[in-house]
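33 is the number of the first residue of the sequence shown in my numbering; add one for each residue after it.
We treat Cβ as the ideally placed atom computed from N, Cα and C, and that holds for glycine.
One structure is given here, and the rest of the page talks about it.
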Amino acid sequence: MMDKETLIIKHFEGTLSTEEAKLFDQFIKEDPEFEKEVYFQTDVQLALKKEEESEIKSLFEKLEEEYTNPKKTSKKFGAAKIWIAAASIAILIGCGVWFALQNSTIAGEDLYASYFQPYQNVVHPLIRGKQEKDQKTLAFEAYERGQYDVASELFDKLYQKHQEPYYLFYKANALMKLNRIQEAIPLLEKHLTTDDSLKEKSVWYLALSHLKTKNYPQSKSYLKEIIQDKKYNYKKAKELLKGLNNL
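Printed below as a string of structure tokens:
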């Protein structure tokens with residue numbers, strides 16, 4: 033098993049595999065010390081960002097002084113110094129943009145981890161101890177046990193056979209848990225076009241899916257729709273939208 037420190041590093045790099053992402057989520061839920069370390073590292077990176085922004089501001093002020101106080105700059109070296117300063121600022125800005133993007137990714141990942149939970153099984157309540165199990169029972173049993181790879185395959189087969197829209201929804205949830213977001217999005221979009229009683233929930237999961245893929249404008253659009261129409265999880269949508277606006 034991968035050590036926890038390496039998991040945290042890969043989380044911030046955005047390089048976790050599907051299995052590692054599942055393990056990371058498990059530690060976040062079950063290990064308070066692990067969760068505390070993740071949030072501590074997030075705070076550290078935010079502090080570093082503020083420090084870099086302060087350094088860039090200081091360089092701009094020095095460069096402005098060179099231009100506004102030409103007597104302080106020798107004719108021989110004035111232009112060269114200004115070009116060097118400008119180049120330095122360009123490099124730092126480039127680093128700052130990169131860091132901002134990295135930080136935005138980290139913050140987005142944290143928001144997603146805070147708000148995403150697979151939707152509960154409300155379609156096919158399981159009877160414990162039942163001897164004979166049909167495919168539908170096996171699918172939802174796998175889903176409730178966290179065997180999302182098995183569940184997604186069974187939901188797919190069931191949808192192909194019966195065309196019940198809720199199989200699209202639950203398969204999408206299973207895929208999201210497996211970090212296969214790009215596969216989940218079209219299923220949720222298709223589910224929205226049906227008359228299924230659960231289709232309103234798909235708007236919330238589409239907002240989360242686009243958050244995970246860093247398509248923040250689309251995520252915000254879905255969140256605003258939820259808030260405006262007071263759809264499923266509209267209070268959480270308000271919180272999440274506020275968090276997204278702060279990225």
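field: Pairwise C-alpha distance: residue 166 and residue 41
entry: Translated into positions along the sequence shown, residue 41 becomes position 9. Translated into positions along the sequence shown, residue 166 becomes position 134. Near 43 Å, if we compare the C-alpha coordinates of residue 166 and residue 41.
message: Less than 7 Å between the beta carbons of residue 180 and residue 219, yes or no?
response: For this step, residue 180 is matched to residue 148 along the sequence shown. For this step, residue 219 is matched to residue 187 along the sequence shown. No.
field: Buried or exposed (CB count within 10 angstroms, at least 16 for buried), residue 154
entry: Mapped onto the sequence shown, residue 154 falls at position 122. Classification of residue 154: exposed, given that the 10 Å Cβ count is below 16.
query: In three-state terms, what does DSSP make of residue 47?
result: Locating residue 47 in the sequence shown gives position 15, where the first residue counts as 1. Coil, per DSSP.
- prompt: Counting along the chain, where does the alpha helix (DSSP H) carrying residue 189 start and finish?
  reply: Translated into positions along the sequence shown, residue 189 becomes position 157. Residue 189 -> alpha helix (DSSP H) spans 180 to 194.
query: Roughly how many whole angstroms lie between the Cα atoms of residue 206 and residue 272?
result: Translated into the one-based positions of the sequence shown, residue 206 becomes position 174. Translated into the one-based positions of the sequence shown, residue 272 becomes position 240. The alpha-carbon atoms of residue 206 and residue 272 are separated by roughly 22 Å.
- prompt: By DSSP, does residue 155 sit in helix, in strand, or in coil?
  reply: Translated into the one-based positions of the sequence shown, residue 155 becomes position 123. Looking at residue 155 - three-state DSSP - the assignment turns out to be coil, as it is neither helix nor strand.
query: Taking buried to mean at least 16 other C-beta atoms within 10 Å of its own C-beta, is residue 197 buried or exposed?
result: Translated into positions along the sequence shown, residue 197 becomes position 165. Counting Cβ neighbours within 10 Å, residue 197 comes out buried, since at least 16 surround it.
- prompt: Does DSSP put residue 210 in a helix, a strand or coil?
  reply: Against the sequence shown, residue 210 aligns to sequence position 178. Looking at residue 210 - three-state DSSP - the assignment turns out to be coil, as it is neither helix nor strand.
message: Which of the three DSSP states is assigned to residue 266 in this structure?
response: For this step, residue 266 is matched to residue 234 along the sequence shown. Three-state DSSP puts residue 266 in a helix.
message: Let me confirm a value: residue 269 is counted as buried when at least 16 other C-beta atoms fall within 10 Å, else exposed. Which label applies?
response: Taking the sequence shown and counting its residues from 1, one reaches residue 269 at position 237. Buried, because 16 or more other Cβ atoms sit within 10 Å of the Cβ of residue 269.
Three-way DSSP call (helix, strand, coil) for residue 226 in this model: Residue numbering aside, residue 226 sits at position 194 when the sequence shown is read from its first letter. It is coil, neither helix nor strand.
- request: Specify the secondary structure class of residue 201 as computed by DSSP and reduced to three states.
  value: The count along the sequence shown starts at 1 and reaches residue 201 at position 169. Correct three-state label for residue 201: helix.
query: Comparing alpha-carbon positions, which option in 199, 64, 58 and 39 lies nearest residue 175?
result: Taking the sequence shown and counting its residues from 1, one reaches residue 175 at position 143. Taking only the C-alpha atoms, the option nearest residue 175 is 199.
task: Say whether the region 249 to 267 touches the region 227 to 239, bearing in mind that this needs 3 or more beta-carbon pairs closer than 8 Å, one atom from each stretch.
output: yes
- prompt: Cβ atoms of residue 243 and residue 151: under 7 Å apart, would you say?
  reply: On the sequence shown, residue 151 is found 119 positions in, with the first residue counted as 1. On the sequence shown, residue 243 is found 211 positions in, with the first residue counted as 1. It is not a contact, given that the beta carbons lie outside the stated cut-off.
task: Inspect the beta-carbon positions of residue 188 and residue 203 and report whether they are closer than 7 Å.
output: In the sequence shown, residue 188 corresponds to position 156, counting from 1. In the sequence shown, residue 203 corresponds to position 171, counting from 1. Closer than 7 Å, so yes.
- prompt: Where does residue 64 fall in DSSP's three states?
  reply: The sequence position of residue 64 within the sequence shown is 32, counting from 1. Of the three classes helix, strand and coil, the one that applies to residue 64 here is helix, per DSSP.
- prompt: Does the Cβ-Cβ distance between residue 259 and residue 248 come in under 7 Å?
  reply: Taking the first residue of the sequence shown as 1, we reach residue 259 at position 227. Taking the first residue of the sequence shown as 1, we reach residue 248 at position 216. For residue 259 and residue 248, no; Cβs fall outside 7 Å.
- request: Give the straight-line distance between the Cα atoms of residue 190 and residue 171, rounded to the nearest whole angstrom.
  value: Taking the first residue of the sequence shown as position 1, residue 190 is located at position 158. Taking the first residue of the sequence shown as position 1, residue 171 is located at position 139. Between residue 190 and residue 171, the C-alpha separation is close to 9 Å.
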